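Novice:
In this note's numbering, the protein residues as written are 188 to 277.
#1: Taking C-alpha atoms, which residue in 221, 207, 193 lies nearest to residue 201?
#2: In the DSSP output, what is residue 266 paired with across the bridge?
#3: Do you know how far the Cα of residue 225 is from the Cα of residue 247?
#4: With a threshold of 8 Å on Cβ separation, who are the neighbours of residue 231 within its own chain once the five nearest residues in sequence on each side are excluded?
#5: Output the distance between the C-alpha atoms of residue 268 and residue 215, rounded to the nearest integer angstrom.
#6: How big is the Cα-Cα spacing for residue 278 and residue 207?
#7: What did DSSP end up calling residue 193 once you bin it into helix, strand or coil?
#8: Just verifying my parser: in three-state terms, what is the DSSP assignment at residue 273?
See the structure below:
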């Protein structure tokens with residue numbers, strides 16, 4: 188069974204809320220050559236002025252580089268690890 192995290196009932200919507208902790212998926216540290224920095228703007232434009240409201244904060248993330256356009260048909264591939272990706276929800 189997957190490890191879950193229970194939330195404190197601060198609002199009625201979070202009273203029975205549980206979420207996965209991804210401990211079973213994340214068995215090791217992320218593979219560093221496939222990590223990239225994500226520049227966060229916080230809703231600011233190039234002048235530093237606030238261009239979009241309600242954007243900002245949150246935990247710092249690093250982008251996971253994934254080769255979605257695999258075109259090597261005769262080469263066998265091996266899955267080394269399955270890792271948690273903070274930038275994807277599905």
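For each residue, glycine too, the CB sits at the ideal point set by N, CA and C. Small disclaimer: the values here were computed from a predicted structure and weren't measured.
Specialist: By the coordinates alone:
#1: 193
#2: Answer is none; residue 266 lacks a bridge partner.
#3: Approximately 8 Å, taken between the alpha carbons.
#4: The beta carbon of residue 231 is closer than 8 Å to those of 237, 238 in its chain, skipping five residues each way along the sequence.
#5: Residue 215 has its alpha-carbon roughly 8 Å from the corresponding atom of residue 268.
#6: What the structure shows of the chain is the stretch from 188 to 277, and residue 278 is not part of that stretch, so it cannot be assessed.
#7: strand
#8: Coil at residue 273, not helix or strand.
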